[in-house]
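Using the working numbering, you'd call the opening residue of the sequence shown number 6 and step up by one each time.
All C-beta atoms, glycine included, are put in the ideal place defined by N, C-alpha and C.
Remember, predicted model here, so these are calculated numbers, not experimental data.
Worksheet for the structure shown next.
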Amino acid sequence: MNLLHHVQTFHRNVSTTVALTFIIMATISMPLNLFKANKVLAQTSQQLQKNLIAQNPTEAALVISERGRTRALVDLLTKRLSTKDDLSVPCKLALLVGINEYPNGLPRLYGCVNDVRLQKELLIHRFGFKDNDILTLTDKQATRKGILTAFEDHLIKQAKPGDVVVFHFSGHGSQVVDPDRDSPDGLNSTFIPIDSELPPGFPVTGGPVQDIMGHTLFLLMYALKTDNVTVVLDSCHSGGGTRGNFRVRSRGDGSILQPSNEELEYQKQWLGRLGLSKEKFIELRRKGVAKGVVIAAAKREQLASDASFSNFYAGAFTYDLTQYLWQQTGDEPVTTAIANVGRSTKELARQSGNTQEPEIEVRFSKQNYNAPIYFTRSPALSAEAVVTQVTGIVSSLFLSPNMGGLLHEGDRTPLAGWERSLSCMK
Numbered sequence: 006m007n008l009l010h011h012v013q014t015f016h017r018n019v020s021t022t023v024a025l026t027f028i029i030m031a032t033i034s035m036p037l038n039l040f041k042a043n044k045v046l047a048q049t050s051q052q053l054q055k056n057l058i059a060q061n062p063t064e065a066a067l068v069i070s071e072r073g074r075t076r077a078l079v080d081l082l083t084k085r086l087s088t089k090d091d092l093s094v095p096c097k098l099a100l101l102v103g104i105n106e107y108p109n110g111l112p113r114l115y116g117c118v119n120d121v122r123l124q125k126e127l128l129i130h131r132f133g134f135k136d137n138d139i140l141t142l143t144d145k146q147a148t149r150k151g152i153l154t155a156f157e158d159h160l161i162k163q164a165k166p167g168d169v170v171v172f173h174f175s176g177h178g179s180q181v182v183d184p185d186r187d188s189p190d191g192l193n194s195t196f197i198p199i200d201s202e203l204p205p206g207f208p209v210t211g212g213p214v215q216d217i218m219g220h221t222l223f224l225l226m227y228a229l230k231t232d233n234v235t236v237v238l239d240s241c242h243s244g245g246g247t248r249g250n251f252r253v254r255s256r257g258d259g260s261i262l263q264p265s266n267e268e269l270e271y272q273k274q275w276l277g278r279l280g281l282s283k284e285k286f287i288e289l290r291r292k293g294v295a296k297g298v299v300i301a302a303a304k305r306e307q308l309a310s311d312a313s314f315s316n317f318y319a320g321a322f323t324y325d326l327t328q329y330l331w332q333q334t335g336d337e338p339v340t341t342a343i344a345n346v347g348r349s350t351k352e353l354a355r356q357s358g359n360t361q362e363p364e365i366e367v368r369f370s371k372q373n374y375n376a377p378i379y380f381t382r383s384p385a386l387s388a389e390a391v392v393t394q395v396t397g398i399v400s401s402l403f404l405s406p407n408m409g410g411l412l413h414e415g416d417r418t419p420l421a422g423w424e425r426s427l428s429c430m431k
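This is the structure:
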């Protein structure tokens, strides 16, 4: 099922004396003073018409409230007052990777590409990322070279001090033997690009694989010029198979797998670029993450899963995370947000006989522990949907996960109730 179900809502012409409070809430962090709404919607309020002036396309959110309760959220196609970017506002960059169609004997996954879509819509409409500042790699695009090149070109080369960076990976995870023997079990976690093939004879015999190691991710994060970095890994490396409606995002036993020569050479190149000795690199790793925050869908020894939500698949953790963040209000610390999301994910996994507890590792500093998620202030009001396209009096809606599952075309939504109430108040 395609994630982007479009539900059509027909907006009626209503009186400008509608007894509702219209609140304009910008979902981007830069100054946003005046907007121009869709012509039909603008007729609902003289004040709205006065405040909505357009020039350069971007997104903003219109929240309709009655007696202080949010009833609906629509995202209008609007324009900024100035065509020039505000240089004082941090740039927000994201690289989102999701792989379903693994070849070569790896179990197919179903929710990883949807994870990317969920995250992209969330970052744009909830946290003010620009569409062209978000790079997505799915399935065949997500090769080892493709992921590493995208991280270098899109994130490392563009991010400046104070900018915001998000890297999300949804797919299979594993482990390989750590040449540095830096952990008690002698293994290093990996995430698996689409072109990482198992060695002949696996699992009876091992060999090198084209995985991307946690050590490599550390170096890439360390190379970023900003400290406002969030990495989300919805994958795991313990076991494999299915648990009820859950499909485990793991390749299986990594104790007989080795990193490829290409991977080790890539790490060596980055050590040289960063001016780090091998000893200093190991010392830094033992202190924790390189920058910002790393959020993992499951603990080291646990399973991270695809889950089915009324025939719609997504990562159990990513689904819970995006659902929570659509509804989150205020600047809750990232540690608190993940603790709250974790309880929901843990319960969801328990219902299918699985154990999955998300965890967070923060680069030690008071600022990081108290920072809002994605190092970006969230909107003051919760959201239910965004308008992705307006054609005449018909709007196509993207529904946030909190709607109780994504709806089919033609389904009725809270917006339909709002529509009826406006009609009755003429």
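Return helix, strand or coil for A147, following the three-state DSSP convention. Taking the first residue of the sequence shown as 1, we reach residue 147 at position 142. It is coil, neither helix nor strand.
Option in F134, R348, P112 and T340 with minimal Cα separation from V94: If you number the sequence shown from 1, residue 94 lands on position 89. When each option's Cα is compared against that of V94, the closest is F134.
What number of angstroms, rounded off, separates the C-alpha of R368 from the C-alpha of I139? The residue labelled residue 368 in the question sits at position 363 within the sequence shown. The residue labelled residue 139 in the question sits at position 134 within the sequence shown. The alpha-carbon atoms of R368 and I139 are separated by roughly 24 Å.
So what does DSSP say about E157, is it helix, strand or coil? In the sequence shown, counting from the first residue as 1, residue 157 sits at position 152. Helix, per DSSP.
For the candidate residues T235, N375, A342 and Y374, whose alpha-carbon lies nearest to that of A164? Taking the sequence shown and counting its residues from 1, one reaches residue 164 at position 159. In terms of CA proximity to A164, T235 leads the group T235, N375, A342 and Y374.
Got a sec? Which residues, its chain only, sit under 6 Å from K219 by beta carbon, not counting five neighbours each side? By one-based count along the sequence shown, residue 219 stands at place 214. A quick correction: the sequence has Gly, not Lys, at residue 219. Residues of the same chain with a CB within less than 6 Å of the CB of G219, apart from the 5 flanking positions on each side, are N193 and S194 in chain order.
How would you label E366, buried or exposed, when you count the other beta carbons within 10 angstroms and need 16 or more for buried? Numbered from its first residue, the sequence shown carries residue 366 at position 361. Only exposed fits E366, as fewer than 16 other CB atoms lie within 10 angstroms of its CB.
Same chain only: Cβ atoms within 7 Å of V237, ignoring 5 sequence neighbours per side: Start at 1 with the first residue of the sequence shown, and residue 237 comes out as number 232. Within the same chain, V237 has close Cβ partners H173 and I300.
Between T327 and the rest of its own chain, which residues show a CB-CB distance below 7 Å, the 5 nearest in sequence each way excluded? By one-based count along the sequence shown, residue 327 stands at place 322. Take T327, set aside five residues on each side of it, and the residues of its chain with a beta-carbon closer than 7 Å to its own are L123, Q124, L127 and P406, in chain order.
Just grab the DSSP bridge partners of V298 for me. In the sequence shown, counting from the first residue as 1, residue 298 sits at position 293. According to DSSP, V298 bridges with T235 and V367.
S240 beta carbon less than 8 Å from that of F207: Sequence index remark: in the sequence shown, residue 207 carries index 202 (1-based). Sequence index remark: in the sequence shown, residue 240 carries index 235 (1-based). The Cβ atoms of F207 and S240 do not sit closer than 8 Å to each other.
Contact the stretch 272–282 vs the stretch 338–350: 3+ CB pairs below 8 Å: Result no; under three Cβ-Cβ pairs closer than 8 Å.
Do Y318 and G116 count as a contact pair if the criterion is CB distance below 8 Å? Within the sequence shown, the letter at position 111 stands for residue 116. Within the sequence shown, the letter at position 313 stands for residue 318. For G116 and Y318, yes; Cβs fall inside 8 Å.
Opening and closing residue of the alpha helix (DSSP H) in which L289 lies: Within the sequence shown, residue 289 is the residue found at index 284, counting from 1. Judged by DSSP secondary structure, L289 falls within the alpha helix (DSSP H) whose first and last residues are K283 to R291.
Who are the Cβ neighbours of I378 in its own chain at under 6 Å, not counting the five residues just before and after it? Residue 378 sits at position 373 when you count from the first residue of the sequence shown. Excluding sequence neighbours, I378 sits near V339 and A342.
With 16 as the cutoff for other CB atoms within 10 Å, does V253 come out buried or exposed? For the purposes of this step, residue 253 is taken as the residue at position 248 of the sequence shown. Its pLDDT being 49, under 50, V253 is placed unreliably in this model, and the coordinates cannot settle the point.
Go through its chain and collect everything with a Cβ distance to N373's Cβ below 6 Å, but skip five positions before and after it. Translated into the one-based positions of the sequence shown, residue 373 becomes position 368. Same-chain partners within the cutoff: V367.
Output needed for K162: all residues of its chain with C-beta closer than 7 Å, excluding positions within five of it in sequence on either side, in chain order. Translated into positions along the sequence shown, residue 162 becomes position 157. If we look at K162 and ignore the five residues flanking it on each side, it has no Cβ neighbours.
Taking G277 as part of the alpha helix (DSSP H), name the residues at either end of that continuous run. Indexing the sequence shown from 1 puts residue 277 at position 272. Segment N266 to L279, the alpha helix (DSSP H) holding G277.
Where DSSP assigns a beta bridge to S194, which residues make up the other side? Here the question's residue 194 lines up with position 189 in the sequence shown. The beta-bridge partner set that DSSP reports for S194 consists of Q180.
Do G212 and L262 have their C-beta atoms closer together than 8 Å? Numbered from its first residue, the sequence shown carries residue 212 at position 207. Numbered from its first residue, the sequence shown carries residue 262 at position 257. For G212 and L262, yes; Cβs fall inside 8 Å.
Any idea what DSSP makes of S349, helix, strand or coil? Counted from its first residue, the sequence shown places residue 349 at position 344. Note: S349 maps to helix in three-state DSSP.
Shortest alpha-carbon distance to S175 belongs to which of K296, D144, E362 and N137? What you label residue 175 is simply residue 170 of the sequence shown in a count that begins at 1. Comparing Cα-Cα distances from S175 to each of K296, D144, E362 and N137, the minimum goes to D144.
Could you tell me how far apart the beta carbons of E268 and T210 are, in whole angstroms, since I believe they sit closer than 8 Å? The residue you call residue 268 lines up with position 263 of the sequence shown. The residue you call residue 210 lines up with position 205 of the sequence shown. In fact, because the Cβ distance is near 20 Å, the residues do not count as touching under 8 Å.
Buried or exposed, going by whether 16 or more other CB atoms sit within 10 Å of the CB of T83? Position 78 of the sequence shown, counting from 1, holds the residue named residue 83. With a pLDDT of only 32 at T83, under the threshold of 50, the placement of this residue in the model should not be trusted; the figure read from the coordinates follows. Buried, since its Cβ has 16 or more Cβ neighbours within 10 Å.
Can you tell me which residues form a DSSP beta bridge with A99? Taking the sequence shown and counting its residues from 1, one reaches residue 99 at position 94. Beta-bridge annotation (DSSP): A99 is paired with I139 and V171.
Segment limits, alpha helix (DSSP H) that includes G212: Locating residue 212 in the sequence shown gives position 207, counting from the first residue. Counting along the chain, G212 falls outside any alpha helix (DSSP H), though it belongs to the beta strand (DSSP E) covering G212 to V214.
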